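Residue numbers (this note's numbering): 94 to 288.
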């Protein structure tokens with residue numbers, strides 16, 4: 094049995110922070126690791142924006158229930174279950190990602206935790222440094238063969254540790270790594286994984 098390590102946002106579901114930014118009409122929340130590759134810098138900017146705009150976590154949580162996975166994501170993962178164990182490896186947070194993961198199929202998700210105080214996001218706890226790379230290295234040490242998929246710069250670290258591909262990646266990311274195979278739909282990626 095192989096393991097499919099898949100990103101969540103931009104790969105199986107919309108970018109949660111972008112969806113939140115559009116919902117709240119706060120453009121600063123639309124930025125992702127595609128725009129600010131350094132995760133710590135990006136999170137600092139997001140938390141400052143939420144604080145400035147006095148956005149409570151209860152308001153965010155209510156909105157999260159409305160986020161739907163990409164069309165075809167659930168069927169794509171389900172079609173792979175006889176050949177792959179699926180693990181979602183994401184730089185999101187359990188508190189943000191679980192509602193959409195439950196709609197996809199309750200696959201294990203490895204991500205970070207938010208710190209909530211008085212109904213405001215006050216900080217976060219990273220699972221570890223270089224989390225995506227470390228997950229794949231851990232599976233490899235247990236003699237699992239991994240295939241990794243993602244759409245952004247922060248997914249390259251896990252793709253470089255195993256076989257992998259981009260899905261739905263923007264042109265600038267694909268051009269930055271032309272050696273990584275790229276797909277723009279689940280069907281072609283599914284065929285590649287099952288051949």
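The C-beta atom is built at its ideal place from N, Cα and C for all residues, glycine as well. Here the structure is a predicted model, which is why all the values come from computation and not from measurement.
Distance between residue j and residue i (C-alpha atoms, nearest Å)
{"i": "residue 252", "j": "residue 166", "result": "20 Å"}
{"i": "residue 170", "j": "residue 195", "result": "13 Å"}
{"i": "residue 148", "j": "residue 213", "result": "7 Å"}
{"i": "residue 48", "j": "residue 107", "result": "Examination of residue 48 is not possible in this model, given that the chain is present from 94 through 288 alone."}
{"i": "residue 220", "j": "residue 284", "result": "33 Å"}
{"i": "residue 153", "j": "residue 113", "result": "7 Å"}
{"i": "residue 175", "j": "residue 202", "result": "19 Å"}
{"i": "residue 145", "j": "residue 116", "result": "16 Å"}
{"i": "residue 94", "j": "residue 177", "result": "6 Å"}
{"i": "residue 134", "j": "residue 168", "result": "35 Å"}
{"i": "residue 172", "j": "residue 280", "result": "10 Å"}
{"i": "residue 277", "j": "residue 211", "result": "42 Å"}
{"i": "residue 159", "j": "residue 150", "result": "15 Å"}
{"i": "residue 136", "j": "residue 155", "result": "21 Å"}
{"i": "residue 271", "j": "residue 249", "result": "12 Å"}
{"i": "residue 162", "j": "residue 223", "result": "26 Å"}
{"i": "residue 140", "j": "residue 234", "result": "36 Å"}
Close beta carbons around residue i, own chain, < 7 Å, minus the five adjacent residues each side
{"i": "residue 142", "result": "119, 121, 122"}
{"i": "residue 98", "result": "180, 182, 228, 229, 239, 241, 251"}
Beta-carbon proximity of residue i to residue j, cut-off 7 Å
{"i": "residue 129", "j": "residue 237", "result": "no"}
{"i": "residue 182", "j": "residue 228", "result": "yes"}
{"i": "residue 273", "j": "residue 189", "result": "no"}
{"i": "residue 239", "j": "residue 232", "result": "yes"}
Residues near residue i by beta carbon distance below 6 Å, same chain, minus five either side
{"i": "residue 157", "result": "192"}
{"i": "residue 216", "result": "208"}
{"i": "residue 205", "result": "186, 217, 219, 220"}
{"i": "residue 111", "result": "123"}
{"i": "residue 243", "result": "100, 104"}
Rounded distance between the beta-carbons of residue j and residue i, thought under 8 Å
{"i": "residue 132", "j": "residue 184", "result": "6 Å"}
{"i": "residue 258", "j": "residue 282", "result": "6 Å"}
{"i": "residue 104", "j": "residue 261", "result": "6 Å"}
Neighbourhood of residue i by C-beta distance below 8 Å, restricted to the same chain and skipping five residues each side
{"i": "residue 245", "result": "100, 103, 125, 126, 127, 262, 266"}
{"i": "residue 275", "result": "258, 259, 260, 262, 267"}
{"i": "residue 200", "result": "170, 179, 180, 181, 194"}
{"i": "residue 138", "result": "121, 124, 129"}
- Query: Between the stretch 245-263 and the stretch 217-234, do at least 3 Cβ pairs fall closer than 8 Å?
  - Reply: yes
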